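Q:
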Amino acid sequence: MASGTDQAQRSFEDLLAEGEAVDVSGWDFSWFAGRATEERPPWGYARLVSQRMAGARAGLDLQTGGGEVLATIERPPPVLRATESWPPNLPLARAALAPLGGQVLEAPDAGPLPFADASFDLVTARLPVVTPWPEIGRVLAPGGTFLAQEVGPGSNIELSRAMLGGHLKPGGRFPADAVAAAEAAGLEVVDLREARLVMEFFDVAAVVVFLRKVVWTVPDFNVARFRPQLRAVHDGIRATGSFVCHPTRFLIEARRPERTGDGT
1 MASGTDQAQR
11 SFEDLLAEGE
21 AVDVSGWDFS
31 WFAGRATEER
41 PPWGYARLVS
51 QRMAGARAGL
61 DLQTGGGEVL
71 ATIERPPPVL
81 RATESWPPNL
91 PLARAALAPL
101 GGQVLEAPDA
111 GPLPFADASF
121 DLVTARLPVV
131 TPWPEIGRVL
141 APGGTFLAQE
151 VGPGSNIELS
161 RAMLGGHLKP
171 GGRFPADAVA
181 AAEAAGLEVV
191 DLREARLVME
201 FFDVAAVVVF
211 LRKVVWTVPD
221 FNVARFRPQL
231 RAVHDGIRAT
241 GSFVCHPTRF
251 LIEARRPERT
261 GDGT
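Per the UniProt record's numbering, the sequence shown starts with residue 1, numbered consecutively.
1) Extract the residue ranges of the beta strand (DSSP E) inside the region 19-57, only unbroken runs of 3 or more that lie entirely within it.
2) Taking just the CA atoms, how far does residue 253 sit from residue 17?
3) Could you work out which residue in 249, 244, 256 and 251 is closest to residue 35 when comparing CA atoms only?
4) For the putative contact between residue 52 and residue 127, defined by C-beta atoms under 8 Å, what is the C-beta separation to the nearest angstrom?
5) Which term fits residue 112, buried or exposed, when burial requires 16 or more other beta carbons within 10 angstroms of its beta carbon?
6) Within a Cβ cutoff of 7 Å, which residues of the same chain sit near residue 135, ignoring the five residues on either side of it in sequence?
7) Counting only C-beta atoms, is residue 22 closer than 8 Å to chain B at any point?
8) From 232, 188, 161 and 209, pick the residue whose C-alpha is nearest to that of residue 246; which is it?
9) State the DSSP-derived secondary structure class of residue 131, mapped to helix, strand or coil.
10) What are the boundary residues of the beta strand (DSSP E) that residue 81 is part of?
11) Taking its Cβ as the centre, do 16 or more other Cβ atoms sit within 10 Å of residue 265, making it buried, or is it exposed?
12) What separation, rounded to the nearest whole angstrom, lies between the Cα atoms of residue 94 and residue 259?
13) Measuring CB to CB, does residue 59 end up less than 8 Å from residue 137?
14) If residue 154 sits next to residue 248, beta carbons under 8 Å apart, how far is it from one beta carbon to the other, in whole angstroms?
15) Just mark residue 65 as buried or exposed, buried being the case when its beta carbon has 16 or more other beta carbons within 10 Å.
16) Under 6 Å Cβ to Cβ from residue 67, same chain only, skipping five residues before and after it: list those, please.
17) Going by the CB atoms, is the gap between residue 143 and residue 122 shorter than 8 Å?
Spelled out as structure tokens, the structure:
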């Protein structure tokens, strides 16, 4: 593959066409090798999920995408389920998780979840579009854990502003709101960590693919509508070598309390 510098010297039109043609189904980001880099949070989410799933009785992964993260666990629990809302991702996830004995069900991001009350002692989610806290509280067994890595406030705001204008205020999810929602669902937050990271794009095709794939960065993104902004990003990359922005993430772990002696 050509280096990022070589990619940036290709014509604007060629790079736009390439970015529009890339398949953006699933959550496999291997296409970006040599085209973009993203710093990872220090807590190692995939490793944590693998450790927790190994000790679980029944595990559920919400909004699993193509099952990319869940498929990396070393030892699956006796019961392994996942949900996904986007139909093109369903066959990818089912193929990825079948070797682990996992079953993937179609379910809306905001719920309801197609499971009985207290079905799982572990529920996980990586970058959920929506975190359905009431449903998470419902399907967790007493003593069960919810572990998620979420997009934080103002994530990649430099890229959002490049497309939508410098006036854009930082939005997204705030950790304090997640804590309040977890507690409202009857859960106790036992861990909360935050990170501000660095991401670099080395050509405008990578920017296009990212915006098509990570749709909440610029809602209703398409190349034709944002062509002038993409041109400015392309020119900036040619001048400086990359476009830099800052993803934000937070890790939240919440538990459903054990039942008391009177069964409540």
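Every residue, glycine too, gets a C-beta built ideally from N, C-alpha and C.
Predicted, not measured: the structure shown is a model, and the values here were computed from it.
A: Well, looking at it:
1) Complete beta strand (DSSP E) runs here, min 3: 36-38.
2) Rounded to whole angstroms, residue 17 to residue 253 spans 42 Å at the Cα level.
3) Residue 244 is the option with its Cα nearest to residue 35.
4) Actually they do not touch by this definition, with Cβ atoms about 17 Å apart.
5) The residue in question, residue 112, is exposed, as its Cβ has fewer than 16 Cβ neighbours within 10 Å.
6) Shown here for residue 135: same chain residues with a beta carbon closer than 7 Å to its own, the five before and five after excluded, namely 111, 112 and 113 in chain order.
7) Included in the structure is just one protein chain, with no chain B present.
8) For the residues 232, 188, 161 and 209, the minimum Cα distance to residue 246 belongs to 161.
9) It is coil, neither helix nor strand.
10) It spans 79-84 - the beta strand (DSSP E) in which residue 81 sits, taken as one unbroken run.
11) This structure cannot settle anything about residue 265, because the visible part of the chain is limited to 1 through 264.
12) When rounded, the separation of the alpha-carbon atoms in residue 94 and residue 259 is 35 Å.
13) Not a contact, by the Cβ cut-off of 8 Å.
14) Residue 154 to residue 248, Cβ: 6 Å. Contact.
15) Burial call: buried.
16) If we look at residue 67 and ignore the five residues flanking it on each side, its Cβ neighbours are 93, 96 and 97.
17) Their beta carbons are not under 8 Å apart, which means residue 122 does not touch residue 143 by this criterion.
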